[in-house]
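Chains as they are written, first to last, in this note's numbering: chain W, 2 to 116; chain F, 28 to 141. In what follows, a structure is listed as structure tokens, so that the remarks can point back to it.
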């Protein structure tokens, strides 16, 4: 099966500019996650979707971050305006079932650099 | 919020030798299992192995095995017969109380020496 696909692979923008990341999960996976991974750290959850519903967005900085998952498949994560501290790798993951023992399947990530 | 600790920022292992990567968690809730992921330089997080907290036998997947010790709140990853391709960052992760959110440790960078 095809894995989780993310684009772009790299993005360099100036601060205060907007940026968007796209994710296509594994076919049939209803649960989709966006994680942020800062340099030298493990990933941290930003938002979790069950189909098209955002069921956990408690750690999403809603003043500048937004996400959507139209039709319960692809998802887009947006930052507007970007700040220097947003430089990180943004990882999308999907899971085929809901449960504490469900492994997440990650994409290659988008490495964002804000200058 | 729970904390996942990986005390080894970096590890070296000789090719074909076994290596153990440490992981501990600090919550008293023993309901949840633990995952291990591998992150090569390409950036993708690759699922390696999972063990549920109530599984009686330690999980094994090929050359990977998980040494889960609930009393010590630890779940160490053992990689047998290391290969050059095993060089990567390794992260352990565990769900939080009542949440599907995985909390990750800071990772251990494994370098396999030929």
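Cβ coordinates follow ideal geometry from the N, Cα and C atoms, glycine included. In this text, all values refer to a predicted model and were calculated from it rather than measured experimentally.
So which residues of chain W does residue 79/F contact, with C-beta pairs closer than 9 Å? 101, 102
Quick one: list the residues of chain F neighbouring residue 49/W, beta-carbon separation under 8 Å, in chain order. 127, 128
For residue 113/F, does the three-state DSSP call read helix, strand or coil? helix
What residue does the beta strand (DSSP E) around residue 93/W start on, and which one ends it? 89-96
Which residue marks the beginning of the beta strand (DSSP E) containing residue 78/F, and which one marks its end? 73-78
Check the C-beta distance from residue 43/W over to residue 131/F and give it rounded, since I have them as a contact under 8 Å. 3 Å
Kindly give me the distance between the Cβ atoms of residue 50/F and residue 31/F, rounded to whole angstroms, as I take these residues to be in contact under 8 Å. 7 Å
If you run the structure through DSSP and keep just helix, strand and coil, what is residue 120/F? strand
Proximity test, Cβ basis, 8 Å: residue 106/W and chain F: yes
Other residues of its chain near residue 89/W: CB distance less than 7 Å, five sequence neighbours each side excluded: 37, 38, 39, 113
Identify the contact partners of residue 59/F in chain A, using a Cβ-Cβ distance below 7 Å as the criterion. No chain A appears in the structure shown, which is made up of the protein chains W and F.
Taking 8 Å as the cut-off, does the segment 76-93 of chain F touch the segment 57-67 of chain F (at least 3 CB pairs, one atom from each stretch)? yes
Throw me the rounded Cβ distance for the residue 111/F and residue 91/F pair, which I believe falls under 8 Å. Wrong, their Cβ atoms sit about 16 Å apart, outside the cutoff.
Of all the options 80/W, 20/W, 52/W, 14/W, which has the alpha carbon lying nearest to the alpha carbon of residue 34/W? 52/W
State the DSSP-derived secondary structure class of residue 37/F, mapped to helix, strand or coil. strand
Can you tell which of 48/W, 28/W, 9/W has its C-alpha closest to the C-alpha of residue 63/W? 48/W
List the residues of chain W whose Cβ lies closer than 8 Å to the Cβ of residue 133/F, in chain order. 41, 42, 43
Quick check on the DSSP output: the beta strand (DSSP E) that includes residue 50/F runs from which residue to which? Premise fails: residue 50/F is in no beta strand (DSSP E) and is neither H nor E.
Give, in chain order, every residue of the segment 78-103 of chain W whose Cβ lies closer than 9 Å to some Cβ of chain F. 90, 92, 94, 96, 99, 100, 101, 102, 103
Would the beta-carbon of residue 32/W fall within 8 Å of that of residue 95/W? yes
Along the beta strand (DSSP E) that carries residue 115/W, what are the first and last residues, could you check? 111-115
Using alpha carbons as the reference points, say which of 109/W, 56/W, 107/W lies closest to residue 127/F. 56/W
Closest to residue 78/W by CA distance: which of 9/W, 4/W, 3/W is it? 9/W
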